[in-house]
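Residue numbers (our numbering): 1492 to 1739.
Beta carbons are placed, not taken as given, at the ideal position from N, Cα and C, and that holds for glycine.
To start, the structure under review is shown below, and the notes come after it.
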């Protein structure tokens, strides 16, 4: 079970102080491997943590992740969202209760990984601080990914970037499938001794997209140049890259 989708974290931060919204999704995402045209169906449970009713509406939107990990909505067109049906598209959550929403459709033609975001929108809440009063609409997003079997072409590149207090990794997905990688960055000093291991925790990289990941040791390292060996593992392949990190 997960809280608000990263795109809508702003709404969570703005509203949590006054406990105006407490919505969760289970699961928060689904990843399916299907043949083109193959039908599928699944359910998503939406839960209300407050002791009052919560009317919700549902919409679909294509999306991708930007380099910094934030979410970007894309224009609606052919693709997974066009083949997806949601029932119901509007409902009311009971106080401290839950509701199951059904998703069904078929895998569209194409290749690689396709994505659609199912967005649950609540009623407007008052917002704003010492200035003009505004209204905010809390939203949650259920991410659905469908990878078309037999069309997968994985290809992930990476490099260690520059200098600074945090180690910067740039991961570039030149393939057509969603890459979700985990692993670690191993830091070695000039004598070849391992001085730190920094975990890389499940980084998703969209097809034809890139992600910049910042890793920082719990204990700051002394200034100097460190050799970096990064070992990553995903669903399709294992990856390794090397570089140099200059700590000021």
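Burial state of residue 1689, where buried means 16 or more other Cβ atoms lie within 10 Å: Here residue 1689 is buried. Its C-beta has 16 or more other C-beta atoms within 10 Å.
Straight-line gap, residue 1639 to residue 1592 (C-alpha atoms, nearest Å): Whole-angstrom Cα-Cα distance: 24 Å.
When you compare the region 1565 to 1572 with the region 1537 to 1546, are there three or more beta-carbon pairs, one atom per stretch, that lie closer than 8 Å? Contact fails: fewer than three Cβ-Cβ distances are below 8 Å.
Alpha-carbon spacing of residue 1502 relative to residue 1576, whole angstroms: Note on residue 1502: pLDDT 37, under 50, position unreliable in the model; no value is reported.
Length of the line joining the Cα atoms of residue 1697 and residue 1556: Residue 1697 and residue 1556 have their C-alpha atoms roughly 7 Å apart.
Using C-beta distances below 8 Å, list every residue in its chain close to residue 1553, excluding the 5 sequence neighbours before and after it, in chain order. In its chain, beyond the 5 residues on either side, 1564, 1565, 1566, 1567, 1568, 1570, 1571, 1572, 1606, 1607, 1608 have a beta carbon closer than 8 Å to the beta carbon of residue 1553.
Do you know how far the Cα of residue 1671 is from the Cα of residue 1642? Linking residue 1642 to residue 1671 through their CA atoms gives a straight-line distance of about 17 Å.
Give the DSSP-derived three-state secondary structure of residue 1573 in the structure shown. Reduced to three states, the DSSP call for residue 1573 is helix.
From residue 1731 to residue 1652, what distance separates their C-alpha atoms? Their Cα atoms are separated by approximately 15 Å.
Where residue 1679 and residue 1686 are concerned, what is the direct C-alpha to C-alpha distance, given to the nearest angstrom? The alpha-carbon of residue 1679 is positioned some 6 Å away from that of residue 1686.
Per DSSP, cross-strand counterpart(s) of residue 1475: Past the boundaries of the shown model lies residue 1475; the chain is included only from 1492 to 1739, so the question cannot be answered.
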